[in-house]
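Student: Residue numbers (the numbering used here), protein chains in the order written: chain X, 839 to 1260; chain P, 58 to 421; chain S, 272 to 705. Heads up, the beta-carbon is just placed ideally off N, CA and C, and yes, glycines get one too. Predicted model only: the values in this text are computed from it and were never measured. I'd like to ask some things about the structure below.
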Amino acid sequence: MATLTAPDRESFKLSMLLYDTRYRSMTIQVIAMIGFVSIVFWLISNTITNLNNLGKPVEFGFLFEPSSYDINQRLVEYNSRDSHLRASFVGVLNTLVVAFLGCITATIIGVFVGIARLSKNWFVSRIMTVYVEAFRNVPVLLWIVLAMAILIEGLPAPKAFRGENATASLNLFDSVALTNRGVYVPEPLFSNGIGDVALFGQSSLRFSVSLDLILIIAVLIASFYVSALIKKRANRIQDATGDRPTTWYLRLGVTVLPIAIVLWMLGFHLGYPELKGFNFKGGTHLRNSLIALWLALSLYTAAFIAEIVRGGILAISRGQTEAAASLGLRPNRIMNLVILPQALRVIIPPLISNYLNLTKNSSLAIAVGYMDVTGTLGGITLNQTGRELECILLLMLVYLTISLSISAVMNWYNNSVKLVER
Amino acid sequence: MNFSVSENMFQTNSFQSEAENQEEGKMKKSFVLGTLAVAGLAAGAAAAGTLDDVKARGTLNCGVSTGLVGFAAPDANGEWSGFDVGVCRAVAAAVLGDAQAVEFVPTTGKTRFTALASGEIDMLARNTTWTFSRDVDLKFEFVGVNYYDGQGFMAPADLGVSSAAGLDGATVCIQTGTTTELNLADFFRSNNMSYEPVPIETNAEAQQQYLAGACDVFTTDASGLAATRATFENPGDHVLMPEIISKEPLGPLVRHGDNNWGDIVRWTLNALITAEELGVTSGNLEEMSAGTNNPEINRLLGTEGTLGAMLGLDGDWAKRAIMVGGNYGELFEANIGEATPIGLARGLNAQWTDGGLIYSPPFR
Amino acid sequence: MSNQAFVRREIIEEQTPPLTAFGLVGWLRENLFSNWFNAILTFISLYFIWYVLSGVVPWIFLSVWNAGSLSECREIASATWGGTHGHACWAVINDRWIQLLFGFYPSHLYWRPILAFVLLLISLAPILFTGAPKKIFYLTAVYPFVLPWLMWGGSVWASVSALLGFVVGYAIIRYTSEILGQLAAVILSIIGAVVWWLYIGPLLLSQGLGAILPLALEPVISRYFGGFMLAILIGVVAIGCSLPIGIVLALGRQSDLLILKTISVWFIEFIRGVPLITLLFVASTLLNIFMPPGTNFDIILRVMIMVTLFASAYMAEVIRGGLAALPRGQFEGADSLGLNYWQAQRLIIMPQALKISIPGIVSTFIGVFKDTTLVSIIGLMDPLGLSQGIRANAEWNGIYWELFAFIAFLFFIVCFSMSRYSMYLERKLQTDHR
């Protein structure tokens, strides 16, 4: 175009849909939309036709029929007469448990290994490198299966604890039993407990929460709050006068006394595992499947977290360390006060995606028979009812919800850290 | 200077990425096309004509388990063998005239029914229990029973438990994805006993856990227990409990709706059974097919009547099926019988004439 | 106070540093015993290393290599060392390693997967190493058509016709974009290519060249694929196919077009939000239900489709990262040259963004390659699935450590070398940008 002229307003021609940039993006979008909708429609209509041919129209009624199978690890009350929905709920809770435990231990191990890889000690840093490379470069499924095999082969069976010439014994003052069926640890019991409160009535999502636990948590929170108040007051006095009042006995008392009183009133005692019949009875039973999955997932993810932590620390310029050292800080304080707080900003976003990966990898639980939601809803329920479409859709929905919630919470945290740091 | 270098680099790289880009684009499409052309898009599975499909394809797609000693397992050359495999081969021989013209599709407890329903396999011979809901609700047709099984328990002899009634509080290893876990739940519930289920995906894994003492008892079909026990270092240290807590008629199955195909599989199995009843073996088959005085043998082997034609096959179909691995009894003895490491007795699986349940309708 | 300050008049000769500061001793002091804490760590580490090695080394090296079954292995072990514990039975690997590598692929055709693998390495060379001769690009361009032909066999004309479809599409764009404008040309070329693939190509295949000159390899159905070959094949196909999809998704996610953006974001977040195993369940149980009645393609193809979708969501995020890392000026520069969207993407943005993304692409590949072990859960014969099959055999029933160790070792070799390569690349890219 040689001269600039105002575009002709009146003459809208059909070809402008293709050639005029004002309309073209609209055209592309409409085409894409039509394409997308028709693909989706095509898939859905195929599905409906096929399901009708098979005589299995989509319906979710099967979820309310008795599941007829048992689940070993159940955080809420469940038996084989409960519905498939209830079984799925048990599975979801199991998924959440292992994901939660895994994320915590993976973070601890990962941070430790990440720092240890930078250690000046040649052996320590090499061992950590070997650990990281070994775990990162071998599939997690293999690690899960291996962890299970090691637990099963490496630990004694309960019968080894039995009889006169027992070959195995309880650890830690006869309180912890390490067997190849799992680990039995003492459980907290309350002789005058105040009972449970049941939530969600008779629905499939019903569960009960121990009031004892709520009380203990409430007391703990309250005493930490008071303790923090005391510390604040001490800081204020120090700022004003330069003298810091001695508060450690006050703070100790405020933290320890109330909880001790509450525990005494509830009649707190420990229930120890005991060998009765085929198995240990009493105590909390952490099953092998849980431990193997937990161990393998956290060690595997920790190897990735270690690299992230190491990268985060290396990203902080050397000048920061030197400046802190010239202030006279000791190496561990440099790490805690100067390097880590800054490195956190670099570390947290990839950390989130590793938490997500861990949660998703927990679906490999079926390899060791841990009854997570893939094992119940996507496993036995699917097999027994033959409702593949419904089960897998629900399964995906569950994971999607968990993933999106984790990333939402973590993004919120990430943003808040960013604001504080700025 | 610096800039020009990097620009240069970008140029070469632009060429690279462009080529890569296009090439990857092609890759995707060509894969779909190439593989569809070669391997897939075998249409027409659902309603009718499985027989025609199989004949056109030249191979029989038979679903088996991913590996169960004695019933179906691949050897070092990828050659499948076993009791269930024998049934597949017999059908292939009857339909296609070639016992090797079978594609064995390993299926898991989860994938087996979908594979059959979707037409990926023509028949399923994978230790599948004939139940009401599978027959009616999942729309399959069980064509018969090739092994009468039942769920049992195995325990180490030194556990000191001789009967399943003494298993209150025991830890039980179960293979998931089967009817086993349902039977187990029902059994313990109805006897007011508690137990700790340890669900395990594969038989090999279950065996490992059981041997290490991670569970007190191992439960699965009695045949599977015997097969598993046979492979132990010291089989004598383990006992099978007398209780059988369920009925597990295992048999081959096909899709609903193609009755002709169902008939072929059913009568091939029946031919194997009848052959044993009538004393036709792979050894005397040639001799018998020359004609005998027993009209039923003649009908079976196609020297008399037109039974094969009624199925849409030729007259020799049953003869070919029996030729592969012999009659039912021979298959049994060769794969899971007492002479094999698995060492199963005929028991319920003896011919009805010997007091068992194996019974074929007459060839008439 | 004396006036006699000490003044050195000659320079002292260079002395060797004290024995404790150089050589082995100096190294030991600095790296292992710099203080008491370090010394304790050193001793703990030494004990740990000794503990692990003393268990593993005898197991690996004092082992049985030739035996026909596990019980034979045990006999040999107890005859040689007086016990079976602590001695590996590598005889199972000796017996089955070919199966673990190739699955059930016909043994007289092993040269095909091997050739395909070698060609893959060669055709990737120009992308991975800058020094490689540029002519190899012709191979790279043709490779995606060679691979399926080599692996699945069948007529070469199927691959050629698929390739010609792209040529047709490209030709249409080339000659009509002047007349019709770009958008119309693109749409027309897609239609043209699809028509070619669906109607003209097959016709040519059955009537034309396929009948005249049947250049065919013995067909192999994908059910025979297994072992590491299957793992590598799924990984390569998934990454290869997911690259273009990933680019489209990444561009869609970055674009201003609301609908395209929404679809891309939903797709990416959905795939990334669910575990791969659920997608594999879809492949094994549902994908046939989504297709028109009667369609049926085999499980390995279905798994490849789902793994490709899975990988493309991750690929999209990697490429988005590459796009985000490009300086804004590159986009503006492209605009100011008067390039339209596709020209800018093709000539300026993508070459740079993809180059930055290569390390990310490699690590996505490592992830996908490791994740291929999951297919054993749906019954495919990948190395883990095969190990179950091997253990179901009467001879090898009861063996597991050796199989796991071998599989883990092979995975480690492949993944470790790739991750080293990606690190090398990252370092190289870093210096480029400085």
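Starting from A212/P, trace the alpha helix (DSSP H) in both directions and tell me its first and last residue.
Tutor: The residue you call residue 212/P lines up with position 155 of the second sequence. Unbroken run through A212/P is the beta strand (DSSP E), Q208 to P213; no alpha helix (DSSP H).
Student: The alpha helix (DSSP H) with Y385/P in it runs from where to where?
Tutor: Within the second sequence, the letter at position 328 stands for residue 385/P. Unbroken alpha helix (DSSP H) run through Y385/P: Y385 to N392.
Student: Spell out a yes or no on whether the region 402-410 of chain P and the region 917-931 of chain X are touching, meaning 3 or more CB-CB pairs, one atom from each, closer than 8 Å.
Tutor: The region 402-410 of chain P, when compared against the region 917-931 of chain X, does not touch it at the 8 Å Cβ threshold.
Student: Do V589/S and G631/S have their beta-carbon atoms positioned less than 8 Å apart in this structure?
Tutor: Your numbering for residue 631/S matches position 360 in the third sequence. Your numbering for residue 589/S matches position 318 in the third sequence. Closer than 8 Å, so yes.
Student: Rounding to the nearest angstrom, what Cα-Cα distance links W1132/X and E387/P in this structure?
Tutor: By 1-based counting over the first sequence, the position of residue 1132/X is 294. By 1-based counting over the second sequence, the position of residue 387/P is 330. Those two C-alpha atoms are separated by around 49 Å.
Student: Name the residue from P404/S, N611/S, M652/S and I560/S whose alpha carbon lies nearest to the alpha carbon of S883/X.
Tutor: Looking up residue 883/X in the first sequence gives position 45. Nearest C-alpha to S883/X: I560/S.
Student: Does any C-beta atom of chain X lie closer than 8 Å to the C-beta of Q266/P?
Tutor: Within the second sequence, residue 266/P is the residue found at index 209, counting from 1. Taking Cβ atoms only, chain X reaches closer than 8 Å to Q266/P, which makes this a yes.
Student: On a Cα-Cα basis, can you pick out the residue from L117/P, G166/P, K196/P and Y204/P that is closest to E238/P?
Tutor: Within the second sequence, the letter at position 181 stands for residue 238/P. Considering only alpha carbons, the answer is G166/P.
Student: If contact means a Cβ-Cβ distance below 8 Å, which residues of the region 543-558 of chain S contact chain X?
Tutor: Listed by position, the residues of the region 543-558 of chain S near chain X (Cβ gap below 8 Å) are R543, G544, V545, P546, L547, I548, T549, F552, V553, T556 and L557.
Student: Please confirm whether V896/X has its beta-carbon closer than 8 Å to some beta-carbon of chain S.
Tutor: As a position in the first sequence, residue 896/X is number 58, starting the count at 1. Output row for V896/X: interface = no.
Student: Closer than 7 Å between beta carbons: that is the criterion. Which residues of the region 885-909 of chain X meet it against chain P?
Tutor: Answer in chain order: N891, L892, G893, S906, Y907 and D908.
Student: Give the single residue among L317/S, P563/S and C344/S whose Cα lies nearest to the Cα of N959/X.
Tutor: Taking the first residue of the first sequence as 1, we reach residue 959/X at position 121. Closest option to N959/X, Cα to Cα, is L317/S.
Student: Which partner residues does L1037/X have in the DSSP bridge list?
Tutor: Here residue 1037/X is taken as the residue at index 199 of the first sequence, counted from 1. DSSP output for L1037/X lists F1045/X as bridge partner(s).
Student: In angstroms with no decimal places, state the Cα-to-Cα distance between L1090/X and W1102/X.
Tutor: Along the first sequence, read from residue 1 onward, the residue named residue 1090/X stands at position 252. Along the first sequence, read from residue 1 onward, the residue named residue 1102/X stands at position 264. When rounded, the distance between both Cα atoms is 18 Å.
Student: Under three-state DSSP, which class holds W137/P?
Tutor: In the second sequence, residue 137/P corresponds to position 80, counting from 1. Of the three classes helix, strand and coil, the one that applies to W137/P here is strand, per DSSP.
Student: Check whether the Cβ atoms of L1189/X and I947/X lie closer than 8 Å to each other.
Tutor: Position 351 of the first sequence, counted from the first residue, corresponds to residue 1189/X. Position 109 of the first sequence, counted from the first residue, corresponds to residue 947/X. Cβ atoms of L1189/X and I947/X: not closer than 8 Å.
Student: Contact defined as beta carbons within less than 8 Å: I believe R1019/X pairs with N1117/X. What is the distance between those atoms, to the nearest angstrom?
Tutor: For this step, residue 1019/X is matched to residue 181 along the first sequence. For this step, residue 1117/X is matched to residue 279 along the first sequence. The pair is a contact, with the Cβ atoms about 7 Å apart (cut-off 8 Å).
Student: Report yes or no: do the region 667-685 of chain S and the region 186-196 of chain P share at least 3 C-beta pairs separated by less than 8 Å?
Tutor: Touching, no, given that fewer than three Cβ pairs across the two stretches are closer than 8 Å.
Student: Which residues, in chain order, does the region 1189-1221 of chain X contribute to contact with chain P at a C-beta distance below 9 Å?
Tutor: Flagged, chain order: I1204, A1205, V1206, G1207, Y1208, M1209, G1213, G1216, G1217, I1218, L1220 and N1221.
Student: Could you check where the beta strand (DSSP E) with V274/P kicks off and where it finishes?
Tutor: The sequence position of residue 274/P within the second sequence is 217, counting from 1. Element bounds for V274/P: V274 to D278.
Student: Where does A1004/X land, buried or exposed, given buried means 16+ other C-beta within 10 angstroms?
Tutor: Indexing the first sequence from 1 puts residue 1004/X at position 166. Label assigned to A1004/X: exposed.
Student: Compare the beta carbon distance of F677/S and L371/S with 8 Å and say whether it is the shorter of the two.
Tutor: In the third sequence, the residue the question calls residue 677/S occupies position 406. In the third sequence, the residue the question calls residue 371/S occupies position 100. It is a contact, given that the beta carbons lie within the stated cut-off.
Student: Once DSSP output is grouped into helix, strand and coil, what is the label at I231/P?
Tutor: By one-based count along the second sequence, residue 231/P stands at place 174. DSSP places I231/P in strand when its eight states are reduced to three.
Student: Since Y205/P sits in a beta bridge, which residues does DSSP pair it with?
Tutor: Here residue 205/P is taken as the residue at index 148 of the second sequence, counted from 1. Bridge partners of Y205/P: P306/P.
Student: Sorted by chain position, which residues of the same chain lie with C-beta nearer than 6 Å to L268/P's C-beta, five sequence neighbours on each side aside?
Tutor: The residue given as residue 268/P occupies position 211 in the second sequence. Answer for L268/P: no residue qualifies.
Student: Given that a residue counts as buried once 16 or more other Cβ atoms are within 10 Å of its Cβ, and exposed if not, what is V545/S?
Tutor: In the third sequence, residue 545/S corresponds to position 274, counting from 1. Per the 10 Å Cβ criterion, buried.
Student: Which residue wins for smallest C-alpha separation from N1249/X, given the options Y861/X, L1194/X and A1015/X?
Tutor: For the purposes of this step, residue 1249/X is taken as the residue at position 411 of the first sequence. With distances taken between Cα atoms, N1249/X lies closest to L1194/X.
Student: Could you check where the alpha helix (DSSP H) with H922/X kicks off and where it finishes?
Tutor: Reading the first sequence from its first residue, position 84 is the one you call residue 922/X. Where H922/X is concerned, the enclosing alpha helix (DSSP H) stretches over H922 to R955.
Student: Tell me, please, whether the CB atom of D606/S is closer than 8 Å to any CB atom in chain P?
Tutor: Sequence index remark: in the third sequence, residue 606/S carries index 335 (1-based). No, D606/S lies away from the interface with chain P (no Cβ there is under 8 Å from its Cβ).
Student: Closer than 7 Å by beta-carbon distance: list the chain S residues that pair up with R862/X, in chain order.
Tutor: By 1-based counting over the first sequence, the position of residue 862/X is 24. By Cβ distance, chain S contributes L454.
Student: Could you list which residues in chain X have their beta carbon closer than 9 Å to that of S690/S, in chain order?
Tutor: Here residue 690/S is taken as the residue at index 419 of the third sequence, counted from 1. Neighbours of S690/S on chain X, chain order: E971, R974 and N975.
Student: Can you tell me where the beta strand (DSSP E) with Y252/P in it begins and where it stops?
Tutor: Position 195 of the second sequence, counting from 1, holds the residue named residue 252/P. Segment Y252 to I257, the beta strand (DSSP E) holding Y252/P.
Student: Relative to the C-alpha of P288/S, which residue among A362/S, L657/S, W298/S and L597/S is closest?
Tutor: Your numbering for residue 288/S matches position 17 in the third sequence. Of A362/S, L657/S, W298/S and L597/S, the residue nearest in Cα terms is W298/S.
Student: Against W960/X, what residues of chain S qualify as contacts under a CB-to-CB distance less than 7 Å, listed in chain order?
Tutor: By 1-based counting over the first sequence, the position of residue 960/X is 122. The contacting residues are N302 and L303.
Student: If you scan the region 1112-1161 of chain X from start to end, which runs of the alpha helix (DSSP H) of 4 or more residues do you find wholly inside it?
Tutor: If we require 4 residues or more, the alpha helix (DSSP H) runs fully inside the region 1112-1161 of chain X come out as 1126-1153.
Student: In chain order, what residues of the region 350-379 of chain P put their CB closer than 9 Å to some CB of chain S?
Tutor: Here the close residues number zero.
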